[in-house]
Structure formats: structure tokens, C-alpha cells
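**Q**
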Amino acid sequence: MNTLTNKNLFKNGISLYIHVPFCQTKCSYCDFNTYQGLEHLISPFLDALITELHLWGHSLNHPTINTIFFGGGTPSYLPQGALERILKEISQVFEIKDEAEITAEANPDDLDEHKCASMLAQGINRLSIGVQSLNNAALQLLGRRHNSEKAIQAYLTAQRSGFKNINLDLMYGLPNQSISHWHHTTQVISELQPSHISMYCLTLEQGTPLFNWVEQQKLSTPDSDLAADMYHYAEELLEEQGYVHYEISNWSKPGLPSEHNLAYWTGHPYLGVGPGAHSYLDRYRFWNVDSPKLYISQVKSWEDSQPQQLTILDNQAIKNIKQISGSEYINCNLYAAESMFLGLRILEGIDLASVSADTTLDLKERYRNEIKDLQNQGLLEWSDSKLRLTKSAYLIANQVFTEFLV
Numbered sequence: 022m023n024t025l026t027n028k029n030l031f032k033n034g035i036s037l038y039i040h041v042p043f044c045q046t047k048c049s050y051c052d053f054n055t056y057q058g059l060e061h062l063i064s065p066f067l068d069a070l071i072t073e074l075h076l077w078g079h080s081l082n083h084p085t086i087n088t089i090f091f092g093g094g095t096p097s098y099l100p101q102g103a104l105e106r107i108l109k110e111i112s113q114v115f116e117i118k119d120e121a122e123i124t125a126e127a128n129p130d131d132l133d134e135h136k137c138a139s140m141l142a143q144g145i146n147r148l149s150i151g152v153q154s155l156n157n158a159a160l161q162l163l164g165r166r167h168n169s170e171k172a173i174q175a176y177l178t179a180q181r182s183g184f185k186n187i188n189l190d191l192m193y194g195l196p197n198q199s200i201s202h203w204h205h206t207t208q209v210i211s212e213l214q215p216s217h218i219s220m221y222c223l224t225l226e227q228g229t230p231l232f233n234w235v236e237q238q239k240l241s242t243p244d245s246d247l248a249a250d251m252y253h254y255a256e257e258l259l260e261e262q263g264y265v266h267y268e269i270s271n272w273s274k275p276g277l278p279s280e281h282n283l284a285y286w287t288g289h290p291y292l293g294v295g296p297g298a299h300s301y302l303d304r305y306r307f308w309n310v311d312s313p314k315l316y317i318s319q320v321k322s323w324e325d326s327q328p329q330q331l332t333i334l335d336n337q338a339i340k341n342i343k344q345i346s347g348s349e350y351i352n353c354n355l356y357a358a359e360s361m362f363l364g365l366r367i368l369e370g371i372d373l374a375s376v377s378a379d380t381t382l383d384l385k386e387r388y389r390n391e392i393k394d395l396q397n398q399g400l401l402e403w404s405d406s407k408l409r410l411t412k413s414a415y416l417i418a419n420q421v422f423t424e425f426l427v
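For the sequence shown, our numbering puts the final residue at 427, and the numbers step up evenly by one.
1. So with Cβ pairs under 7 angstroms, would you call glutamate 126 a contact of chain C?
2. Helix, strand or coil, according to DSSP, for glutamine 208 in the structure here?
3. Note the first and the last residue of the continuous alpha helix (DSSP H) segment covering phenylalanine 66.
4. Might you give, ordered along the chain, the residues of its own chain that have their beta carbon closer than 7 angstroms to the beta carbon of leucine 302, omitting 5 neighbours on each side?
5. Below 7 angstroms CB to CB, which residues in the same chain sit around glutamine 143 once its five sequence neighbours on both sides are set aside?
6. Taking 7 angstroms as the cut-off, decide whether the C-beta atoms of leucine 240 and proline 278 are in contact.
7. Measuring alpha carbon to alpha carbon, tell me which of Pro100, Asp325, Leu163, Val294 ends up nearest valine 310.
8. Drop a sphere of 10 angstroms on the beta-carbon of glutamate 126, count the other beta-carbons inside from all chains shown, and report buried for 16 or more, exposed for fewer.
9. In whole angstroms, what is the alpha-carbon distance linking glutamate 226 and serine 169?
10. In terms of residue numbering, what span does the alpha helix (DSSP H) encompassing aspartate 394 cover?
11. Is there contact between the stretch 311-331 and the stretch 112-120, where contact requires at least three CB pairs shorter than 8 angstroms?
12. Using beta-carbon positions only, say whether cysteine 137 and alanine 179 come within less than 7 angstroms of one another.
13. Cβ of asparagine 33 within 7 angstroms of Cβ of proline 42?
14. If we count the other Cβ atoms within 10 Å of its Cβ and call it buried at 16 or more, is leucine 99 buried or exposed?
15. When the distance is taken between beta carbons, is serine 270 closer than 7 angstroms to methionine 220?
16. Who are the Cβ neighbours of glutamate 424 in its own chain at under 7 angstroms, not counting the five residues just before and after it?
17. Could you compute how far the alpha carbon of isoleucine 150 sits from the alpha carbon of glutamate 386?
18. Do glycine 194 and alanine 248 have their beta-carbon atoms positioned less than 7 angstroms apart in this structure?
19. Around the C-beta of proline 129, are 16 or more other C-beta atoms found within 10 angstroms, so that it is buried, or is it exposed?
20. Going by Cα to Cα distance, which pick from Ser49, Arg306, Leu382 is closest to serine 346?
21. Excluding the five sequence neighbours on either side, which residues of its own chain have a C-beta within less than 7 angstroms of the C-beta of serine 322, listed in chain order?
22. If you follow the beta strand (DSSP E) that phenylalanine 115 is in, where does it begin and where does it stop?
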């Protein structure tokens, strides 16, 4: 039987997500676990993060790390040397795969030549820059600190500094966003030829300033038909520019998809560290406490308990890890459903026979009626041995996915 200390369980390695919850300012649309005005906690947070990494490395018997992703929050907002310190600890308690993809999210305002050179020297080999728009009014509405000129300058600076793998994040379906503004943004971005582009339709999250402004009718409700037009325009433009549309919201140059995100979508194990970070290991999903202050104290409590190497991951083992605030066991039925809707996000489709080999269920037979109905609606199709979304399903993919949650 495999145990957590038997490296065969993680023989293909795991991915590592590091959550940095600090921002200089919080954007008007953001409902992520991020905070402004907590700079006094950055130093104790870093100490706690290093401790958590050390304890996990020991507890899991030092598995190989395939990809590392610094998300947030704003990892580029951390003080000089912080990322280097974190990566050094990772290399000491885990085995980092040769040429592992190591990504850091960055705000355009934080990127100058010195910062870019420093990040490269520390081992970061991929940047994900939050551009969002090249329309200054839209950027102001979103609460972004940069303007369009700074966004372009940040990308060019990163490129000149030696970064060869750069993602640019864009948003569409914004209040007051015109199709001409979107055309301008996507045309300029595509001409820059970054290796990767992500495009996300705005979701108005309850409790955010942007949600409240729309509720109070200070802003118009985003037009869903216009948002669909924006998506289709970008699809055509990026295809002409040589990009591969490999996931619903993601395009890359050939051979340069986000390896870290592909690990999520294909059900590979990952460890999350930091406040609110989620993990998926050995069929358990679990997540840390959100509060940075509570996270710091709970990691200390875990350290004080002198944890040993884990031989098995179960509810009791998870309960003993003090900073974890909740968990869920992914049984065969849930695993089957998640495999379907995560795998279908990848546009080349999902090999049902291959996924079925990881469970006791025959997915093709289990979802025979759902697949047939969705095929009849023109939303799913077979491509050789893989089941995939049709193009007409891309924008209503969530409706497709719910069919498998039975």
C-alpha cells in the first residue's frame, strides 16, 4: 500500500502554490484572500511561510516539485530578497525538478529593471503581469494603480531583462467597456507577442466595491452579449497571431502553456502554503485559515507540536495540522465529476479511458446519457479518443459542467 512517505505516491512530483496575501491597494473587483494596510505582518508572515514549507517538506518526505506559483495578492510587492529566501527554503526541503516552471504574479507598477533582474537571479523564470486593460478609465474603475503606458513599459522591461516566458492577464465584460476599447487593448497586446495571454470575463462578486456600484446603479450592468463579442474577437485575433487556444480562458505560443495551471486541470497533486491556500493531496482537498495573523500563530502551533513524517493522510492527520481550517475527501463519485469538468476546460478534450483507470468508475458509461444529451445540443463532440467542448460551448461551459454534478 502506498503511504505518504513512500515516494511512489508522488512519483510524478507535485506542484507548489505560495499565497502572498498583501497588496498595496485592493482592486475594486477583487474578492480574493488579499489585504492592504498589513505591511507590519509581512516579516512574521515570511517567517511562518518558511516554517510551513520546512514542516511540509519533512512531513511529505521531500517530494519533487514540478512547478511553483507565487500568487496573491501581489508577490512582487514583497521586500527585496523575500522570494529568494522562500525559494532557497523550498530547494532545501523539496527536490525542485530541473527547469521547473517558477511563476510569480506581478503588478506593472512593481516592475523595473532592478526588480526584474533580481527576480530572474532568484530563480523566477515566468512572470504573470496583471495588465487587465489598456484603457486608463477602465484601469481607474478597477482600482489598478498603473496606467496603460506603465503596463506596456512593464512588459518590455521584463522582456529586456531576460524573461522569455511572460503571461499578460486581461479582463473583458467590464462596466462601460466599449468594443473599440477592447479591440485596441487586444490588438496592442497581441502585437507585443507575449508567450501567454489569459482573458477573464468580469464576475461581479458580492461585497466588492464594483458589485456595490452596479447594485446602486452608479454603473451600468455589464452587457453579456457584448462580452461574448469581445471573446470571439480575441479568439480570431490571437489565432491569426499564432497563439494556441488551449484552455477556455488561456492562449499560449506553441509549447508554452501554463504548466502549473495544467496540473490543476488534469488532477495532479498540489500543495498550497500561506493564508487561505488550497491543497490537493492523496484525494484530500484542504485549505489554510484565511487570516494572515491567525495563520502565523497556527503555523507556530503546528511547529510546537513537533510533527512527524505523515504515513497516511486522513481526517485526524489533517486535524493535527493547525493552520488547516477545512478539508474534503474526494470520493470516487466526486473525483469522476471533477475530472470531467476540469478536464473539459482543456480544449483538446479529456481521455475518458485514461481518467477511468484512476478510479473504479467507467466515466464513458457513467455519463453516457449526459454526454449524449450534450452532443445533441451541439455542446460536446468526440475528437479521436477525446471528448471535448465544441466552440459554441466555450462561453457557457459552466452550464455543461453542471450536468456532471449528479
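From the three backbone atoms N, C-alpha and C, an ideal C-beta is built for every residue, glycine too.
**A** The short version:
1. Absent here is chain C; the protein component of the structure consists of one chain.
2. helix
3. 63-80
4. Pro290, Leu292, Leu334
5. Leu104, Glu105, Leu108
6. no
7. Val294
8. buried
9. 25 angstroms
10. 389-397
11. no
12. yes
13. no
14. buried
15. yes
16. Glu391, Leu395
17. 42 angstroms
18. yes
19. buried
20. Arg306
21. Lys343
22. It is not in any beta strand (DSSP E) - phenylalanine 115 carries neither H nor E in the DSSP assignment.
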